Every structure is written in structure tokens, then in C-alpha cells.
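Going by the working numbering, the sequence shown opens with residue 5, and the numbers climb by one from there.
Glycine residues also receive a C-beta, built at the ideal position from the N, C-alpha and C atoms.
Note that the structure is a prediction, hence the values are computed from the model and not measured.
First comes the structure, then the notes that go with it.
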Amino acid sequence: MNTLYTGDILQGKKVISCLNTEDLENGTTHELYFQTEGQNITGQHYYVPVSVVKGSQTGPRIVLTAGLHANEMNPYPTVNDIKSKLDPKTLKGTVLIVHQYNISGLIANIREFVPSGPVKVHENINRQASTPERETAGQLYCSSMWEKLVSKNADWAVDYHTANPTTFPLFAYSNMSLPKVATMTNLFGVDVVLNSHTSTTLSGSFTDMGIPAFTLEVGARDIYEGELVERSVQGTLNFLRYLKMIPGDVIDFPPAIFTNEWVLIRSEFGACVKAMVKLMDTVKKDDVLYLQYDAFGNKIKEYLSPHDGVIVQINQCPIVESGTMIAALVYHNKDKAIDADLEIGGVGPKVKS
Ligand SMILES: [Zn+2]
């Protein structure tokens, strides 16, 4: 597989339809547009901005991705800041940064891939990241991103997200039964790790082919959280130091809170809710998490914690409908094996590959 240049120049950047970072000149940063397969309703392709920081010396190949879930905003400045701190003249190895993975979703400010045509069935890229199906517009998009951009250029990978639409601390979805994944996760200094695995996610697709990867959640969806962005940047740089791609001492962060169970609390009724807990609160079973009021302001329900645990997601909107996720609680089930069924976590329904 060689890098294929289409011959087009878009906003001053060369356009590629396939990438092999080994083909690119060493000791420089390459800014390219990747042309995805399929065309939108205008007859044009989507073009994904990618940077390849190609070190002057050989070393590991790292893939960093932002924006699979397009309206999760903190990953965009995170990967940009990481790029600004990398010097290809001294870097050992290659860092491929996908700045905006899901262009149609980003234009629409929606989490999923958004078809431009009249059939408005949005597709969750992070539940079909490596799909071999090539029927819908979203599948064509996903399979070309996976096959021709990211999967063949990675020895390690990190996929940056945020909570959607709630809040997260610095949180990792990591398959901790895989030693290399556990090692890389610990280098990021996250607050909480959920031992989990979903084959249809981008990070799960990588680990299924033996490439260590995990999903890093950087706070809330559309609020710039500078402290969490900076911690994500520093965690990534720490990881690169561990791999000896950049100089410096590896920071030994305090261990994250290890969890392996995930519980969603959903609103039973419509109208107002009031949180009685904050992000990262430690709660006991039967602690009051939320109060709910009807449309007239009368209190109608107390939501109690179903288990001892840590609050990792909080609904920010004071008004909800039935079924809205208002909080997520995680905890460590000591009776559960490290490699037990790990299809847990996340807001959406799980789809097994
Ligand atoms: Zn996401």
C-alpha cells in the first residue's frame, strides 16, 4: 500500500486517497487532505485534514484521532496542541494526527455521520469504525478512513472523545486485560478507567488487530475545558516519552480509580431535574443522586444510587424527557475477571461485531 496522491490541491494542501506514512519525507511535518470514498449530494468528496509529523529518525508509529463523534469538541484543541509541541527534527518515529475525523457531522454539529441526502439516518462512526460493509454513505466513509488512512499506519493509537451530552472527568475506556493497553493508559494520568472493550469502536478495532489503543474522554461536549485538554496533552507527551520518541523523564502519575461496572441512571419522567451530586463524587448505595419535579414544580421522585461507586457523568440540562440519561456511576466489582465480558459503558446501545 503506497500513498496515493489524487493530483488535486485543496486550500494549498496536497490531496491523498491512501496513506502510507513510510513514503513521506523524514524530518518534516506534512499537512494533507485525505479524500474519503463516496460523494455527498453535491457530487464532491469529503476531505479530512491530517498531519503527519515524520521524525528524522525511525521509531513507533502513533495515530491520534479527534472528532469521530463530531460535536465532542475538546479533542480538537487537544490534538492541535500536541502537534504544536512535536519537532520532526528531533522526533523518533511518526505521529499521524487526524484533526477532524467526521467532516459531515462536524459541519452539522452532530455526533454521528450525517448523510447529505434526503434519507436522514445518522450513523455512529464509533460503532462501525472498521466496518467491512460498503453500502451506505457512512459505511463507505468509515471503511475508507479505516483501511486507507489509519489502520495500516499505527503501532499504537489514542482516540479522543468527550461525554455526550453530559460531563466526564479525564476518563479512559481501556481493555485493561491487555498489558500494553494498561501500560499506556496509566501513562495518561486519567482520573478513572473503565475496563471495557467494544469491537466496533475505533480503539476496539485497533486492539482486535493487536494494536494497543484506548478511548480517552476529555470532559464535556461543547464547553472548552482547558485544564482537561492540558492534562490530555501532557498525558500524550508522557506516553511519547515512555516510547522514547521525545526526550525527557516519564512522569509517574497517581493510579486511576479502576472500575469494571457501569450503571446508567435515566429519568423516569419529563420536566425538571436537580443534581444532588457532582462529577467524581464518591457515593454510597441509596444516596440521593437527583430530584425530579413535574411541570408545576412539585417534587415527584428521588433517584437513589443503585450501588456504591463514583459519579463519572452528570446531566447538565435542568429539563429532561423520560429516558434521558441523567448520571453514570462506575465501580469495581472484585468478583469480575479482568478479561470478563467487557461490552459495557457508553450512552448508546451496544452493537456486537
Ligand atoms: Zn464520543
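Which full runs of the beta strand (DSSP E) of 3+ residues lie inside the region 85-139, going along the chain?
-> 96-102
TODO: Flag Thr171 as yes when its Cβ comes closer than 8 Å to any non-hydrogen atom of ligand 1, and as no otherwise.
DONE: no
- Do you know offhand how far Met316's Cα is from Met284's? As written in the sequence, residue 316 is Val, which differs from the Met given in the question. Straight-line Cα distance between these residues: approximately 6 Å.
- Task: Could you tell me how far apart the beta carbons of Thr62 and Gly97 are, in whole angstroms, since I believe they sit closer than 8 Å?
- Result: 7 Å
* Keeping to the same chain, check which residues put their C-beta closer than 8 Å to that of Ala161; ignore five residues upstream and five downstream. => Ile66, Val67, Leu68, Thr69, Val154, Leu206, Ser207, Phe210, Ile215, Pro216, Ala217
task = Would you identify the three-state DSSP class for Ala341, choosing helix, strand or coil?
result = coil
**Report entry** Rounded distance between the beta-carbons of Val56 and Tyr37, thought under 8 Å
**Finding:** Wrong, their Cβ atoms sit about 12 Å apart, outside the cutoff.
Between Asn84 and His103, what straight-line distance do the alpha-carbon atoms span, to the nearest angstrom?
-> 7 Å
Exercise for review: Can you say whether Ala133 is buried or exposed, counting buried as having 16 or more other CB atoms within 10 angstroms of its CB?
Suggested key: buried
Would you mind sorting Lys248 into buried or exposed? The rule is 16 or more other CB atoms within 10 Å of its CB.
exposed
Can you tell which of Leu100, Val292, Met77, Tyr246 has its C-alpha closest to the C-alpha of Thr170?
Met77
Margin query: Does the distance between the C-beta of His165 and the nearest non-hydrogen atom of ligand 1 fall short of 8 Å?
Written below: yes
Discussion item. Can you look up Phe218 in the DSSP assignment and give me helix, strand or coil?
Written reply: strand
Problem set entry | Spatially closest choice to Ile86 from Cys22, Ile107, Ile250, Leu14, by CA coordinates | Ile250
Near ligand 1: Leu198 beta-carbon under 8 Å from a heavy atom: no
Using CA atoms only, rank isn't needed, just tell me which of Thr286, Lys17, Arg270 is closest to Gly327.
Arg270
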